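The block underneath contains the structure these notes are about, expressed in structure tokens.
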């Protein structure tokens, strides 16, 4: 019973490069959330997606960040032209289609370091 | 606008004693409140939740209390064990337009001393 799978676990990018983080939700889950944790800070909501649909992207920075959850395959969080301030841990969480609001399940996270 | 607040960044407790982690919120429309535990370099792990219509939920050593009038909840861990040392996040969920949104606090780092 695989949990939420994220890869890569660690990613190093030079300033100006692109970062792609992938998330496969738990089996049977069709809702995906992305959160970012900056050093010494809490978990900040970024985006909430269902298959082929962005439900809420109110936490996404206006530029350089995008997310998708295609019909087939994992959800992707894409950061273009990375800057040092993008260095953070990015966590994906999932919930089932009949979500009741009482829990979401997190992956192990992807740590992005921009040098 | 921090809707979920954990005002204590850290807490130290002796092994065997009770740990009490606190959380305050501002939005009276939250449906559920949740607690997660996080070890370094790992993802948050769900611990326990409570519906907004309840005032207490217990699961083993973990009990969550909800005081709606004060917009305050707390997580009690008793007895505390060294393995409980981690960062604890309080979260709240709200339902809007057919979807749930989960908002997290900034976390409290618990250290249980052997």
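Protein chains in written order, with the working numbering: chain A, 7 to 121; chain B, 557 to 670.
Note that the Cβ used here is the ideal one computed from N, Cα and C, for glycine as well.
Everything numeric in this text was worked out from a predicted model, so none of it was measured.
Check                                                                                                                     : Outcome
Three CB pairs or more closer than 8 Å across the stretch 60-73 of chain A and the stretch 81-89 of chain A               : yes
Spatial distance of residue 563 of chain B from residue 597 of chain B (CA atoms)                                         : 23 Å
Host beta strand (DSSP E) of residue 44 of chain A (start-end)                                                            : Per DSSP, residue 44 of chain A belongs to no beta strand (DSSP E) and is neither H nor E.
Which residues DSSP lists as bridging residue 605 of chain B, in chain order                                              : B/590
is_contact[residue 112 of chain A, chain B] using C-beta, thresh 8 Å                                                      : yes
Residue 9 of chain A to residue 34 of chain A span [Cα, whole Å]                                                          : 11 Å
Cα-Cα separation between residue 18 of chain A and residue 120 of chain A, rounded to whole angstroms                     : 6 Å
Environment of residue 12 of chain A [buried if 16+ CB atoms lie within 10 Å]                                             : buried
Check whether residue 23 of chain A and residue 89 of chain A have beta carbons under 8 Å apart                           : no
Cβ-based contacts, 7 Å cut-off: residues of the stretch 646-664 of chain B near chain A                                   : 649, 651, 655, 656, 657, 658, 659, 660, 661, 662 and 663
Residue range of the beta strand (DSSP E) that includes residue 12 of chain A                                             : 11-13
Any C-beta of chain A under 8 Å from that of residue 572 of chain B                                                       : no
8 Å Cβ cutoff met for residue 603 of chain B and residue 589 of chain B                                                   : no
Reduced DSSP category for residue 62 of chain A - H, G, I as helix; E, B as strand; rest coil                             : strand
Classification of residue 558 of chain B by the beta-carbon crowding that lies within 10 angstroms, buried from 16 upward : exposed
One or two residues paired with residue 633 of chain B in a DSSP bridge                                                   : B/575 and B/618
Extent of the continuous beta strand (DSSP E) to which residue 120 of chain A belongs                                     : 116-120
Residue 19 of chain A - DSSP class collapsed to helix/strand/coil                                                         : strand
First through last residue of the beta strand (DSSP E) which encompasses residue 85 of chain A                            : 81-85
Check whether residue 100 of chain A and residue 16 of chain A have beta carbons under 8 Å apart                          : no
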